[in-house]
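Okay, structure first, notes after.
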Amino acid sequence: MSEHHHKETFVTKYLFSFDHKMISKQFLVTGMIMGVIGVLMSLLFRLQIAWPEHSFSIIEAFLPERFQSEAGVMKPDIYLALVTIHGTIMVFFVLTAGLSGTFSNLLIPLQIGARDMASGFMNCLSYWLFFISSVIMVISLFVQAGPASAGWTIYPPLSALPQAIPGSGLGMTLWLVSMAIFIAQSLIGSLNYIVTILNLRTKGMTMTRLPLTMWALFITAIIGVVSFPVLLSAALLLIFDRSFGTSFYLSDIFIGGEVLNYQGGSPVLFEHLFWFLGHPEVYIVLLPALGLTSEIISTNSRKPIFGYRAMIGSIMAIAFLSTIVWGHHMFVSGMNPFLGSVFTFTTLLIAIPSAVKAFNYITTLWKGNLQFNPAMLFSIGLVSTFITGGLTGIVLGDSALDINVHDTYFVVAHFHLVMGVSAIYGMYAGIYHWFPKMYGKMMNKTLGYVHFWITAIAAYGVFFPMHFIGLAGLPRRYYTNTNFPLFDDLANVNQVMTIFALIGGAAQVVFLVNFFMSIYKGKVASQNPWKANTLEWTTPVEHVHGNWPGEIPEVYRWPYDYSKVDENGEYIFGEDYIMQTVPLKAGEQES
Amino acid sequence: MLALFYFFVAVAIAIGIWQVNKLLTYRVIFKEIKDGKKIITFENDDNPIATDKDNDLQGKLLLVFLIGFYLLMGYCLIFLHDIMLPGSASVEGEDYDNLYTITFVLIGVVQFITQGLLYFFGYKYKGVVGKKATFFADSHKLELIWTTIPTVVLAVLILYGLSIWNDVTDLEGDEAIVVEVYAKQFAWEARYAGRDNELGRGNVRNIEGANTMGIDLTDANSVDDIPVRELHLPVGKKVVFKFRSQDVLHSAYMPHFTAQMNCVPGMVTEFGFTPKYTTEEMRERKDVIRKVASVNKVRQAKGDDPYEFDYLLLCNKICGPSHYNMQMKIVVESEKDYLIWLNQQKTAKELFKL
Chain A
1 MSEHHHKETF
11 VTKYLFSFDH
21 KMISKQFLVT
31 GMIMGVIGVL
41 MSLLFRLQIA
51 WPEHSFSIIE
61 AFLPERFQSE
71 AGVMKPDIYL
81 ALVTIHGTIM
91 VFFVLTAGLS
101 GTFSNLLIPL
111 QIGARDMASG
121 FMNCLSYWLF
131 FISSVIMVIS
141 LFVQAGPASA
151 GWTIYPPLSA
161 LPQAIPGSGL
171 GMTLWLVSMA
181 IFIAQSLIGS
191 LNYIVTILNL
201 RTKGMTMTRL
211 PLTMWALFIT
221 AIIGVVSFPV
231 LLSAALLLIF
241 DRSFGTSFYL
251 SDIFIGGEVL
261 NYQGGSPVLF
271 EHLFWFLGHP
281 EVYIVLLPAL
291 GLTSEIISTN
301 SRKPIFGYRA
311 MIGSIMAIAF
321 LSTIVWGHHM
331 FVSGMNPFLG
341 SVFTFTTLLI
351 AIPSAVKAFN
361 YITTLWKGNL
371 QFNPAMLFSI
381 GLVSTFITGG
391 LTGIVLGDSA
401 LDINVHDTYF
411 VVAHFHLVMG
421 VSAIYGMYAG
431 IYHWFPKMYG
441 KMMNKTLGYV
451 HFWITAIAAY
461 GVFFPMHFIG
471 LAGLPRRYYT
481 NTNFPLFDDL
491 ANVNQVMTIF
501 ALIGGAAQVV
511 FLVNFFMSIY
521 KGKVASQNPW
531 KANTLEWTTP
541 VEHVHGNWPG
551 EIPEVYRWPY
561 DYSKVDENGE
571 YIFGEDYIMQ
581 TVPLKAGEQE
591 S
Chain B
1 MLALFYFFVA
11 VAIAIGIWQV
21 NKLLTYRVIF
31 KEIKDGKKII
41 TFENDDNPIA
51 TDKDNDLQGK
61 LLLVFLIGFY
71 LLMGYCLIFL
81 HDIMLPGSAS
91 VEGEDYDNLY
101 TITFVLIGVV
111 QFITQGLLYF
121 FGYKYKGVVG
131 KKATFFADSH
141 KLELIWTTIP
151 TVVLAVLILY
161 GLSIWNDVTD
171 LEGDEAIVVE
181 VYAKQFAWEA
191 RYAGRDNELG
201 RGNVRNIEGA
211 NTMGIDLTDA
221 NSVDDIPVRE
231 LHLPVGKKVV
241 FKFRSQDVLH
251 SAYMPHFTAQ
261 MNCVPGMVTE
271 FGFTPKYTTE
281 EMRERKDVIR
291 KVASVNKVRQ
301 AKGDDPYEFD
311 YLLLCNKICG
321 PSHYNMQMKI
331 VVESEKDYLI
341 WLNQQKTAKE
351 LFKL
C-alpha cells in the first residue's frame, strides 16, 4: 500500500466511511439496536399471551396511553402491531441487514484477499439507506393510530384499508416506504458482494479454494438480487392500491357500511409476489449463518469441514430450490390444488440438501479435537436447532398435512427454530469468532458461556412446547385464547413459554454487556487467536486502510488444512493448522 | 406451575449472584505504554481461548444438555399429548391421521438420533492439548448413503402425501351438500343451497338491510337458499363448502375435521369433507373425553362452568383487531335431525318476501 495517508476526520472515519470494516461495524451496531427493540416487543406480547388482559406496569410504562385499553393492558390492535413489527424487524433489519450486512462487509474482502469492496461508495450508500429505513421503521412506531399491524406478511386487503385495522393508515405507509428503501440497500449491497467475490480474489484464490463462508454469502447475495425486486414491485403495487385507487389486489369489498370502488384484483396475487421473496428470504437469513458456522466448526474441531464440495453443492441446490417453493405458504389460499402438488414436491426436495448439510456438520465433529469457545457452542446450537426446526418442515411442506397446522403455533415454532434461533445463533457465533478482527480485542469467554447456556435452554423452553399448542389447533396472532374453552388447557404451557422467553431475553443483556465492555476493556487480541487458516487472520490486528500493509498475500491451498499429517503421522508444518498463504511442501498433495 | 415459576426465578437470581461475583474478580490494572501514556484496563485471569478445563466442562455440559433435551421431548410427548387435537372426525381425515403418524414417527426417530450424535460427539471429542484430530475431508460412500436415504424416504412421503392431497381436494360428485360459508369482520354466516342444491350468485354490492351476505335476489337459484348463523351437518354425507369473504382475508379453520381454506374477497374458494361422527358420538370418544377433562381441570380451578365438546369453525388468518374472537358452532347430527333442523330455517324467499 502506498505511503500516502489521507487525513481522516471523524465524519469520514466513523460516519461516511468507505472502509468495509467500519461499514460492517455500522451494520452490526444498527442491527443490534433494532434487535433490542424487536426482542423487547416480543416480551411484551408474550406477557399478553400468557396472562391475557392482566395489567402489567411494564406495559403501562412502555406503551403510550392511547395504545392501552386500560392501564397496563395493550389493545388488541396494538398486540397485532407488536407482532407485526417484531417480525419485520427481526427478519429484515436484524437477520438480513444485521447478519448478512455485517459479515458480508467484514469478511468478503478479508477472506478473498481484496483491499476493499469493489465499490466503497455503493457500500457506504447501502449502509446509509439501511440506516434511513431503520429510522423510518422506528418513527412508524410513534404515529397516532399505531404502526403497521397486518402481520409481517402485510396481506391486503387488511394492509390496504385503514377501515379494517387502524395500523393500516400512516403506520402502513411508513412501513412500505421503509421497506422500499430497505430493499434498495439490500440490492446495492448484494450487487457489490457478487462483483467483489467474482472479480477481486487474490492470486491463487480459485472458486474452489474459497472458504464456505464466502460461498454462502455469495449465493445469498444472488438469491437477494433475484428475489428482492419482486417484493419491491409487490410493495409498489400495494402503494398504488392504497393511494391511487388501483385494484391490483382488491376486489368486491364491503367495509364500514359501504362498498368500496375496487374490482378485479386478487389478494392471491400479492401472496404470490410476497412469497416469491418471502421464501428465499428464509435462506437469505439462514445461509450466511450456515456459512459462518461451517468456518467456525471446522476451525474449532481442528479438522477440515467434511464434504467441502458437497457443502457447496447443497448451498447451490438449496438456493435454486428456494426460488421455486414459495407456494407452500399458500396451500390453503385458494390456489389451484394441482399447483399445490407441484410445490409439495419441490418443497420436500429441499430436505435432501439440508440433510446433507446437517450430516456433514456432525461428521466434522467426529474424531475432532473440539475447542469449546462460545463461537463453537453457538455453532453446535445452530446445528441442533436447524435439525429440530428443519424436521417439522417436512410436516408443513406436505400440502396434505399442512391443511390442519397451517397458521397455527406449529408454524411459529417451526420457523422460529429453523430460521430465527438458528440464524441468531449463527450471528452470535460470528460475533464471538470475528470480534478480534472487528475490534482487535477478545470478548470475555465466561460471559459468553453463560450467554450461550441460558439462551440455549430458553430457546428450546420457548419453542419446543410451542409445537404442541400448535398441534392443539391454536391459531397464531390471537390476542387472547380465552374466548375458546377448547384452548383453556394451553394457558399453563403459554405461561411456561413466556417465563422462558423472559429468561432468554435477560440472557441477551449478558451478551450486550460483554460486547460493549470488551470493545473498551477487553484483552488485546493476538493476530490469529483461533489458529485459523483463512486470509483475514494474516492482516494486522490494528485496522489499516487496504487491509494488508504490504502486498496482498497469495493463496496456495484450500482453507481447511487442519490437522493435516504426512505419511509418518506428523503435522506437515509442525502445527495443526496450515494457513492458505503457505505454499505446498515438496511431495505434499493438495487436499 | 407456580412452583416452576419460582424455581426459575431462583435460578435467575442464583445466576445473577454468580455473575456479580464473577465481575468482582476483575481488577483494575494501570498499564504504561511506551510514550509515557497510562491506560486503564479491566481484566481478570481468564484466558480468552478455550483451555482443557473449559473443554472438559463444556463437553460435559453438552451431554447434560442432551439428556435435558431428551427429557423435554419425552415430557412434551407424554404430558402434552392430551392437549392436542383428537384424531380427525372426517372420513377424509383418516388418511390424514395415517400420514401424520408416519411423518411424526419418522421425524421423531431422526431427531432422536441426530441430536444424540451431535451432542454426544461434542462430549466425546472435547479438546485436549496435544491430541490429534483425524484429517477426514471426504467420503463419497458416506455422502452417497446420506443423500440416497433421505431421497428414498422423501419420495415415499411425497407420493403418499400427494395421493392424499388429490383425494382431499377432489370435490367432484353430485351427491355432496353445498354450503356457502361467508366471512366478515368478525363473524361467520352460512347459506345452504336449498332444494335445488345450487347456490344463488352473491356479491357484496347486493348487501342491503337483512341481506347481509349480498345474495343476488334476482337469481332464480337464490330463492330456496337458506341463510343461517349456525352450521348443522349430517353425519356420513359429503359436504362441499364455498367460501366467500366480505372485506379482508379470513381463513375458515375446522380443526377437528382437518379442514381449512382461506376466504378471499373477490373470489370463491372451496373445500369439502364428510363428517364421520355426530357431535354426540364425538363427545364419547376416549381422546375427546381426555381433552375435555384436561380443559375442565383448568376451568374448575378458575371457577368457570364446565366445558362440553363442540365442533368449531374459527378464523385462522389475521383479519383485524377482533381476529381472536371469530367463531361459529358446528353441529353434526343424524341426517334425520339435520333435515328437521333445516326445514325449520327460513328460505331466502320467506326471509326477503320475494
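Read top to bottom, the protein sequences are chains A and B. The numbering of the first sequence is my numbering, which starts it at 1 and goes up by one. The numbering of the second sequence is my numbering, which starts it at 1 and goes up by one. Note that beta-carbon positions come from the ideal geometry of N, C-alpha and C, so glycine has one too. Note that the coordinates shown come from a computational prediction; the quantities given were computed from them, not determined experimentally.
Could you pull the start and end residues of the beta strand (DSSP E) that residue i belongs to?
i: residue 128 (chain B); result: Here residue 128 (chain B) belongs to no beta strand (DSSP E), and DSSP marks it neither H nor E.
i: residue 223 (chain B); result: First-last for residue 223 (chain B): undefined, no H or E at that position.
i: residue 315 (chain B); result: 311-315
i: residue 187 (chain B); result: 187-192
i: residue 261 (chain B); result: 259-263
i: residue 20 (chain A); result: Where residue 20 (chain A) is concerned, there is no enclosing beta strand (DSSP E), although the alpha helix (DSSP H) it sits in stretches over 20-50.
i: residue 270 (chain B); result: 269-273
i: residue 177 (chain B); result: 177-184
So what's residue i in DSSP terms, helix, strand or just coil?
i: residue 333 (chain A); result: coil
i: residue 241 (chain B); result: strand
i: residue 363 (chain A); result: helix
i: residue 442 (chain B); result: An answer regarding residue 442 (chain B) cannot be provided, because it is not within the stretch 1 to 354 covered by chain B.
i: residue 548 (chain A); result: coil
i: residue 319 (chain B); result: coil
i: residue 215 (chain B); result: strand
i: residue 234 (chain B); result: strand
i: residue 104 (chain B); result: helix
i: residue 266 (chain A); result: coil
i: residue 202 (chain B); result: strand
i: residue 442 (chain A); result: coil
i: residue 68 (chain A); result: strand
i: residue 571 (chain A); result: strand
i: residue 56 (chain A); result: coil
i: residue 121 (chain B); result: helix
i: residue 252 (chain B); result: strand
i: residue 584 (chain A); result: coil
i: residue 475 (chain A); result: strand
i: residue 94 (chain B); result: helix
i: residue 554 (chain A); result: coil
Which two residues bound the contiguous alpha helix (DSSP H) that contains residue i?
i: residue 451 (chain A); result: 445-471
i: residue 592 (chain A); result: What is shown of chain A runs 1 to 591, which leaves residue 592 (chain A) out entirely.
i: residue 503 (chain A); result: 491-521
i: residue 142 (chain B); result: 140-169
When you compare the CB of residue i with every CB in chain D, is at least one pair closer than 8 Å?
i: residue 278 (chain A); result: As a matter of chain content, chain D is missing from the structure shown, whose protein chains are A and B.
inquiry  = If the cut-off is 8 Å on Cβ atoms, which residues from the region 156-169 of chain B count as contacting chain A, listed in chain order?
reply    = 157, 158, 161, 162, 164, 165, 166, 168, 169
message = List, from N- to C-terminal side, the beta strand (DSSP E) runs of 3 residues or more that fit wholly inside the region 89-127 of chain A.
response = none
task = Check whether the region 333-340 of chain B touches the region 178-195 of chain B, counting contact only when three or more Cβ pairs, one atom from each stretch, lie closer than 8 Å.
result = no
message = By the 7 Å beta-carbon criterion, what residues does the region 227-256 of chain A contribute toward chain B?
response = 251, 252, 253, 254, 255
task = Check distances from the C-beta atoms of the region 545-566 of chain A to those of chain B and list, in chain order, the residues that come in under 8 Å.
result = 560, 562, 563, 564, 565
query = Which residues, taken in chain order from the region 65-85 of chain A, show a beta carbon closer than 8 Å to some beta carbon of chain B?
reply = So the list reads 75, 76, 77, 80, given in the order they occur along the chain.
task = Kindly provide the ranges of any alpha helix (DSSP H) runs that are 4 or more residues long and lie completely inside the region 350-420 of chain A, ordered along the chain.
result = 351-365, 374-396, 399-405, 409-415
key: Sufficient close CB pairs (3 or more, under 8 Å) joining the region 104-124 of chain A to the region 40-58 of chain A   = no
query = Any residues in the region 189-203 of chain B with a beta carbon nearer than 9 Å to a beta carbon of chain A? Which ones, in chain order?
reply = 203
query = Taking Cβ-Cβ distances below 8 Å as the criterion, which residues of the region 439-456 of chain A are in contact with chain B?
reply = 442, 443, 444, 445, 446, 447, 449, 450, 453, 454, 456
key: Near-chain B residues of the region 259-270 of chain A - C-beta to any C-beta below 7 Å   = 259, 265, 266, 267, 268
task = Decide if the region 359-368 of chain A is in contact with the region 326-336 of chain A; the criterion is three or more beta carbon pairs, one per stretch, under 8 Å apart.
result = no
request  = Select from the region 287-308 of chain A all residues with a C-beta closer than 9 Å to any C-beta belonging to chain B, and list them in chain order.
outcome  = 300, 301, 302, 303, 304, 305, 306, 307, 308
ask   = Below 8 Å, can you find three or more Cβ-Cβ pairs linking the region 472-482 of chain A to the region 18-28 of chain A?
value = no
message = Counting beta carbon pairs with one atom in the region 148-163 of chain A and one in the region 241-261 of chain A, are three or more of them shorter than 8 Å?
response = yes
message = Output needed in chain order: residues of the region 211-223 of chain A with a Cβ under 8 Å from some Cβ in chain B.
response = none
ask   = Is it true that the region 287-300 of chain B meets the region 480-497 of chain A, where meeting means three or more beta-carbon pairs spaced less than 8 Å apart?
value = yes
Within 8 Å of chain B by C-beta, residues of the region 393-423 of chain A in sequence order = 394, 395, 398, 399, 400, 401, 403, 404, 406, 407, 408
message = Under 9 Å, CB to CB, which of the residues in the region 177-189 of chain B have a partner in chain A?
response = 184, 185
task = Mind checking the region 45-60 of chain B against chain A and listing, in chain order, the residues whose C-beta falls within less than 7 Å of any C-beta there?
result = Taking 7 Å as the Cβ-Cβ cut-off against chain A, the residues of the region 45-60 of chain B that qualify are 46, 48, 49, 50, 54, 55, 58, 59.
Chain B contacts from the region 356-369 of chain A (Cβ-Cβ distance under 9 Å) = 356, 358, 359, 360, 361, 362, 363, 364, 365, 366, 367, 368, 369
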